[in-house]
Amino acid sequence: MLTAHILALSVLGSALALPKFGSRQDFSDEDLFNSCPGGPGSSKFEKADRCTLDGPVDIPDVRHFVALGQPQLNCGGGTDPITVTLGGEKTVSTTTTVDASVGFDIDGLTIGGGASTENSESSTMSKQVSFQIPPKRQAVFVAGQNNKAQNGRVQVNFGDRQFGHFIWFTSTNVTRLTPIDGDVEFDVHVSDCGTDATDLSSYNKQ
1 MLTAHILALS
11 VLGSALALPK
21 FGSRQDFSDE
31 DLFNSCPGGP
41 GSSKFEKADR
51 CTLDGPVDIP
61 DVRHFVALGQ
71 PQLNCGGGTD
81 PITVTLGGEK
91 TVSTTTTVDA
101 SVGFDIDGLT
111 IGGGASTENS
121 ESSTMSKQVS
131 FQIPPKRQAV
141 FVAGQNNKAQ
151 NGRVQVNFGD
161 RQFGHFIWFT
171 STNVTRLTPI
181 DGDVEFDVHV
191 SDCGTDATDL
201 SSYNKQ
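So that you can map any letter, position 111 of the sequence shown is 111 in UniProt numbering, and since no number is skipped, the others follow by simple counting.
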């Protein structure tokens, strides 16, 4: 009889020691992302040790244009063109984004993995040109950095079990853009006076 009681207590102790498993209904992808290094934290999770791009899939490269230097204007009412120097220097880095439709962003998070060794974490674009701006027009020099694009879910690693697991995966995919060394295109963007000279939506249509 005593043996039976000991066995029953042993089984009960083992049951109590089992980790508590949760379901995906207990938290959201936003909770997982927020727990990543650099994130604001989540009330559902402890801080994750690391977050990495899991099984990234290569998608078509993305060239993203940015303004180099300040716009120059010929908007003073004159009728003659003016000659100016356009350009400057800007460093762009690897970016990781989620689709805007998910309702949150992941700015500032540290998500490793992905990209191959021929791509760098950052790229510096620098150039200046002399340009003649027609009257009633404005101009800004722009640079288009080409990026290796990858898409995949994020693996979130914890030091302690969270809802019964050390590792969770997001159901929301992210897109990682990593600069391709030396692959930059330059242009002069000319627009009408009174408009936003740095609106590059006509270049960045992706």
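C-beta atoms are modelled at their ideal positions from N, C-alpha and C, and glycine is treated no differently.
Can you check DSSP and say which residues form a bridge with residue i?
i: N34; result: Bridge partners of N34: none, in fact.
i: Q150; result: D58, R176
i: L73; result: Q138
i: S43; result: BP columns for S43 are empty, so no partner.
i: S93; result: S122
i: D80; result: Paired residues: none, contrary to the question.
i: R161; result: R161 is not bridged to any residue.
Give me the Cα-Cα distance between residue i and residue j, rounded to the nearest whole angstrom.
i: K205; j: I59; result: 16 Å
i: F169; j: D183; result: 33 Å
i: T96; j: T85; result: 34 Å
i: K20; j: S35; result: Low confidence applies here, because K20 scores a pLDDT of 48, under 50, leaving its location unreliable and the question unanswered by this model.
i: E118; j: D49; result: Its pLDDT being 48, under 50, E118 is placed unreliably in this model, and the coordinates cannot settle the point.
i: V140; j: T178; result: 25 Å
In the structure shown, what three-state DSSP assignment does residue i receive?
i: V156; result: strand
i: V102; result: helix
i: D199; result: coil
i: D29; result: helix
i: S171; result: coil
i: F65; result: strand
Please say whether residue j and residue i have beta carbons closer to each other than 8 Å?
i: Q128; j: T83; result: no
Pull up the CB-CB distance for residue i and residue j, whole angstroms please, since I reckon it's below 8 Å.
i: A143; j: V66; result: 6 Å
i: D29; j: T172; result: 4 Å
i: L73; j: G87; result: Actually they are not in contact, since the Cβ atoms of L73 and G87 sit about 16 Å apart, beyond 8 Å.
i: D54; j: R176; result: So it is not a contact: roughly 11 Å between Cβ atoms.
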